[in-house]
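Below is one structure, written out as structure tokens; the observations come after it.
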Amino acid sequence: MDPLIQSLVSLRWQDIVDILLNSYILFRLYVLFRGTNVIRMVIAIAMLWILERMAMSMGLIVTSWAMQGIIAAAALIIIIVFRNEIAGVLQARSLRSFFWGIPQRQIQTPIEIIVESVYELARHKLGALIVLPLKKGIESVVHGGIPWQGKLSREMLLSIFWHGTPVHDGATIIQGDQIVEVAAILPLSKSNDLPSHFGTRHRAAFGLAEKTDALVIVVSEERGEVTVFKDGAIINIEDSIDLDRMLREHAGTVHATKGARHQTMELGLAAMICLVSITSIWFSFARGFETFITMEVPVEFMNKGPKMELLATSASSVTLQLSGSGSLIRSVRPDQVKVKLDLANAAAGSNHIAIARDSIVLPPGIHLKQVEPQILKVNLDMLDQKKLPIQPDWSGKLPAGLILQDARVTPDLVKVTGGSLALKDIQTIYTEKIPLENITTDGKISVGLMLLPSYLKLDDESQNHVEVTYKIARKPPPSDDDAAK
């Protein structure tokens with residue numbers, strides 16, 4: 000649970016846009032292909048992918064490998080086997096419908112107008128083919144139609160199917176109270192069980208009823224009979240009352256109301272599933288392609304007391320091991336990673352401060368795996384000043400027969416600034432080492448000062464060098480008493 004919470008907290012706005020954009024694309028694909036065999040195959044592949052991820056998480060290597068192969072093969076099968084259906088959906092859509100809008104289902108179809116028009120056509124023995132799409136879309140199997148977008152009326156239907164009209168041979172598609180398409184071409188059934196007197200209209204109606212849940216009405220041009228095709232079934236209509244009952248059962252107001260509610264619930268559930276699916280895929284990819292990097296980052300010390308001075312630390316930088324997706328890791332810049340230690344609660348003297356996770360600033364999507372060292376030793380002290388004498392630091396020996404008679408330092412005192420605890424134990428400031436081997440006569444030498452510990456500072460930096468004036472004398476010859484001894 001902790002990695003999940005950490006991933007959620009570290010989400011960038013780019014990640015949210017990425018998830019929402021791909022969720023919307025997946026939802027639009029569902030809207031475009033719903034009701035087709037393509038969407039059923041895609042759902043099956045999605046279920047296989049979920050099982051493959053479960054197998055991978057359980058360590059079932061062979062099962063996971065086999066499912067990956069099946070998924071790849073299934074994706075190829077969809078493209079090859081259903082290429083015509085995919086092309087039909089894409090060709091039947093306008094550019095706007097790809098990105099926006101949801102096809103409306105059959106709503107409040109004026110049943111009386113259809114019944115009256117159908118039996119008027121039957122009386123005149125005018126062949127007719129009328130399609131009422133219901134739950135599933137028909138765009139993938141219906142081709143060649145002419146957009147109409149006219150309000151449904153008895154006169155309109157009669158004029159469409161009247162002999163000599165250029166569009167009377169095709170199918171008319173009715174949605175709600177609108178005639179949306181005329182002269183549409185339906186898929187012909189290949190069934191051998193159809194009655195011998197069925198013509199092309201009947202075979203086209205049966206072919207559409209086999210592939211979709213649309214309700215198709217056929218008026219026979221030769222016999223003036225009315226036949227309804229629904230879900231692969233052939234229903235002979237006896238009279239207008241029978242047709243009215245059939246239409247109200249499948250395409251009436253009650254069905255439309257339920258269908259609208261069902262569509263809203265269906266699309267809402269589909270949108271939620273798309274969002275959850277893309278989010279899961281995003282997290283899967285984010286964790287699956289985790290990359291590690293090691294960075295050395297300087298430590299910034301924050302909130303030390305106004306009179307406190309940072310005298311020394313055990314380390315001025317720390318080594319961080321970071322993880323994240325490959326693209327994010329490659330984009331990390333050194334200035335985006337910071338280590339900030341809070342010294343607000345530190346006291347004068349030696350402090351051991353742990354480097355906590357909240358002390359480290361990381362870019363979104365980057366996770367901390369390890370920090371070294373985990374604890375820093377920090378020395379703090381109150382600033383103070385003290386005047387200290389300067390002592391030359393002689394090294395080696397003078398040549399034989401010579402002695403150092405006198406030595407003076409100019410200036411002989413310096414004011415030193417540093418921590419009060421350190422200055423308390425310091426009584427003298429020494430110069431750099433002065434070798435005696437090459438000194439044979441009186442002289443003067445400029446030499447630097449050794450400030451230890453290193454955090455001690457001179458109040459006047461120009462005094463970092465002093466002059467040492469020295470006098471050399473020869474040793475007196477030994478007396479007779481000394482010789483006798």
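Anchor point for the sequence shown: position 71 equals 70 in numbering that gives the first Met the number 0, and the numbering is continuous, going up by one each time. C-beta: ideal position from N, C-alpha, C; glycine also.
Pick out whichever of Asp334, Met40 and Gly149 has its Cα sitting closest to the Cα of Ile69.
By one-based count along the sequence shown, residue 69 stands at place 70. Looking at the Cα atoms, Met40 is the closest of the given residues.
Environment of Gly231 [buried if 16+ CB atoms lie within 10 Å]:
Translated into positions along the sequence shown, residue 231 becomes position 232. Exposed, by the Cβ-count rule.
Would you please state the rounded distance, in angstroms, between the beta carbons of Met301 and Leu319? I believe it to be under 8 Å.
Numbered from its first residue, the sequence shown carries residue 301 at position 302. Numbered from its first residue, the sequence shown carries residue 319 at position 320. The pair is not a contact, with the Cβ atoms about 18 Å apart (cut-off 8 Å).
Just to confirm the assignment, what range does the beta strand (DSSP E) spanning Ile352 have?
Here residue 352 corresponds to residue number 353 of the sequence shown, with the count starting at 1. Gly348 to Ala353 is the extent of the beta strand (DSSP E) around Ile352.
Taking DSSP as the reference, what is the three-state secondary structure of Pro146?
In the sequence shown, residue 146 corresponds to position 147, counting from 1. If DSSP states are grouped into helix, strand and coil, Pro146 belongs with the strands.
Rounded separation between Pro476 and Lys443 - CA only:
The residue given as residue 476 occupies position 477 in the sequence shown. The residue given as residue 443 occupies position 444 in the sequence shown. For Pro476 and Lys443, the distance between alpha carbons rounds to 27 Å.
Buried or exposed: which applies to Met66, given that a residue is buried once 16 or more other Cβ atoms fall within 10 Å of its Cβ?
On the sequence shown, position 67 is the one that residue 66 refers to. Met66 should be labelled buried.
Using DSSP bridges, identify the partner residues of Met449.
To locate residue 449, count along the sequence shown from 1; it is residue 450. Bridge partners of Met449: Tyr429.
Please state the DSSP three-state secondary structure of Arg329.
For the purposes of this step, residue 329 is taken as residue 330 along the sequence shown, with counting starting at 1. Of the three classes helix, strand and coil, the one that applies to Arg329 here is helix, per DSSP.
Could you tell me how far apart the beta carbons of Leu327 and Ile352 are, in whole angstroms, since I believe they sit closer than 8 Å?
Reading the sequence shown from its first residue, position 328 is the one you call residue 327. Reading the sequence shown from its first residue, position 353 is the one you call residue 352. About 29 Å; that fails the 8 Å criterion.
My output table needs one value for Ser190: the three-state DSSP class, helix, strand or coil.
Here the question's residue 190 lines up with position 191 in the sequence shown. DSSP places Ser190 in coil when its eight states are reduced to three.
Confirm the yes/no value for this check: CB of Ile374, any heavy atom of the ligand ZN, distance under 8 Å.
What this structure holds is no ligand at all, so the ligand ZN is not there to describe.
Within 8 Å, do at least three Cβ pairs link the region 416-433 to the region 372-389?
yes
Kindly indicate the opening and closing residues of the alpha helix (DSSP H) around Asn437.
Against the sequence shown, residue 437 aligns to sequence position 438. No alpha helix (DSSP H) holds Asn437; DSSP gives it neither H nor E.
So what does DSSP say about Thr199, is it helix, strand or coil?
Counting from one through the sequence shown, the residue named residue 199 turns up at place 200. Reduced to three states, the DSSP call for Thr199 is helix.
What residue from Thr164, Ile145 and Phe197 has the CA that sits closest to Ile172's CA?
The count along the sequence shown starts at 1 and reaches residue 172 at position 173. Ile172 has its Cα closest to that of Ile145, out of Thr164, Ile145 and Phe197.
Check each candidate in Asp458, Pro398, Val446 and Leu422 and name the one with the smallest Cα separation from Ala472.
Residue numbering aside, residue 472 sits at position 473 when the sequence shown is read from its first letter. Considering only alpha carbons, the answer is Pro398.
Quick check: the Cα distance between Thr278 and Ile18, rounded to an integer number of angstroms?
Looking up residue 278 in the sequence shown gives position 279. Looking up residue 18 in the sequence shown gives position 19. Each residue's alpha carbon lies about 6 Å from the other.
Kindly confirm or deny that the region 270-277 and the region 327-339 touch, where touching means at least three C-beta pairs closer than 8 Å.
no
So, helix, strand or coil for Leu373, using DSSP?
Against the sequence shown, residue 373 aligns to sequence position 374. For the record, residue 373 in the displayed sequence is Gln; it is not Leu. In this structure, Gln373 counts as coil in the three-state DSSP scheme.
In the DSSP assignment, find the alpha helix (DSSP H) that holds Ile112 and state where it starts and stops.
Residue numbering aside, residue 112 sits at position 113 when the sequence shown is read from its first letter. Its alpha helix (DSSP H) spans residues Ile110 to Arg122.
Considering only DSSP beta bridges, list what Ser322 is partnered with.
By 1-based counting over the sequence shown, the position of residue 322 is 323. DSSP output for Ser322 lists Phe291 and His366 as bridge partner(s).
Could you tell me how far apart the beta carbons of Lys229 and Leu214 are, in whole angstroms, since I believe they sit closer than 8 Å?
As a position in the sequence shown, residue 229 is number 230, starting the count at 1. As a position in the sequence shown, residue 214 is number 215, starting the count at 1. So it is a contact: roughly 5 Å between Cβ atoms.
Which two residues bound the contiguous alpha helix (DSSP H) that contains Arg222?
Locating residue 222 in the sequence shown gives position 223, counting from the first residue. Where Arg222 is concerned, there is no enclosing alpha helix (DSSP H), given that its DSSP letter is neither H nor E.
Considering only their Cβ atoms, is the gap separating Arg407 from Tyr469 smaller than 9 Å?
Here residue 469 is taken as the residue at index 470 of the sequence shown, counted from 1. Here residue 407 is taken as the residue at index 408 of the sequence shown, counted from 1. Yes, they are a contact pair.
Just checking my contact of Ile137 with Thr211 at CB under 8 Å: how many whole Å lie between their CB atoms?
Walking along the sequence shown from the start, residue 137 turns up at place 138. Walking along the sequence shown from the start, residue 211 turns up at place 212. Rounded, the Cβ-Cβ distance is 5 Å, consistent with contact.
Is the Cβ-Cβ distance between Lys124 and Gly198 less than 9 Å?
By 1-based counting over the sequence shown, the position of residue 124 is 125. By 1-based counting over the sequence shown, the position of residue 198 is 199. Taking 9 Å as the Cβ cut-off, Lys124 and Gly198 do not qualify as a contacting pair.
Could you tell me the distance, in whole angstroms, from the CA atom of Val179 to the CA atom of Leu187?
Counting from one through the sequence shown, the residue named residue 179 turns up at place 180. Counting from one through the sequence shown, the residue named residue 187 turns up at place 188. Roughly 21 Å between the two C-alpha positions.
Report the residue from Val446, Phe282, Pro305 and Ala208 whose alpha carbon sits nearest the alpha carbon of Val130.
In the sequence shown, the residue the question calls residue 130 occupies position 131. Looking at the Cα atoms, Ala208 is the closest of the given residues.
Cβ shell of Ser394 (< 6 Å), same chain only, five flanking positions each side left out
Within the sequence shown, numbered from 1, the residue matching residue 394 stands at position 395. Here the set comprises Lys432 and Pro434.
Residue range of the alpha helix (DSSP H) that includes Tyr469:
In the sequence shown, counting from the first residue as 1, residue 469 sits at position 470. Unbroken run through Tyr469 is the beta strand (DSSP E), His464 to Arg473; no alpha helix (DSSP H).
Residue environment, Ser190, which counts as buried when at least 16 other CB atoms sit within 10 Å:
The residue given as residue 190 occupies position 191 in the sequence shown. Result: exposed.
Please state whether DSSP places Ile106 in a helix, a strand or coil.
As a first step, residue 106 is located in the sequence shown; it is residue number 107 there, counting from the start. In this prediction, Ile106 scores a pLDDT of 47, lower than 50, which makes its location untrustworthy; the coordinate-derived value is nonetheless stated afterwards. Three-state DSSP puts Ile106 in coil, outside helix and strand.
Val179, enclosing beta strand (DSSP E) - first and last residue
Residue mapping note: residue 179 aligns to position 180 of the sequence shown, counting from 1. Looking at the DSSP string, the run of the beta strand (DSSP E) that includes Val179 is Gln177 to Ala183.
What does a CB cutoff of less than 6 Å around Met307 pick up in its chain, not counting 5 residues either side in sequence?
As a working note, residue 307 is residue 308 in the sequence shown. Counting only Cβ-Cβ distances below 6 Å, and skipping sequence neighbours, we find Leu379.
Collapsed DSSP secondary structure at Phe81 in the structure displayed
The residue labelled residue 81 in the question sits at position 82 within the sequence shown. DSSP places Phe81 in coil when its eight states are reduced to three.
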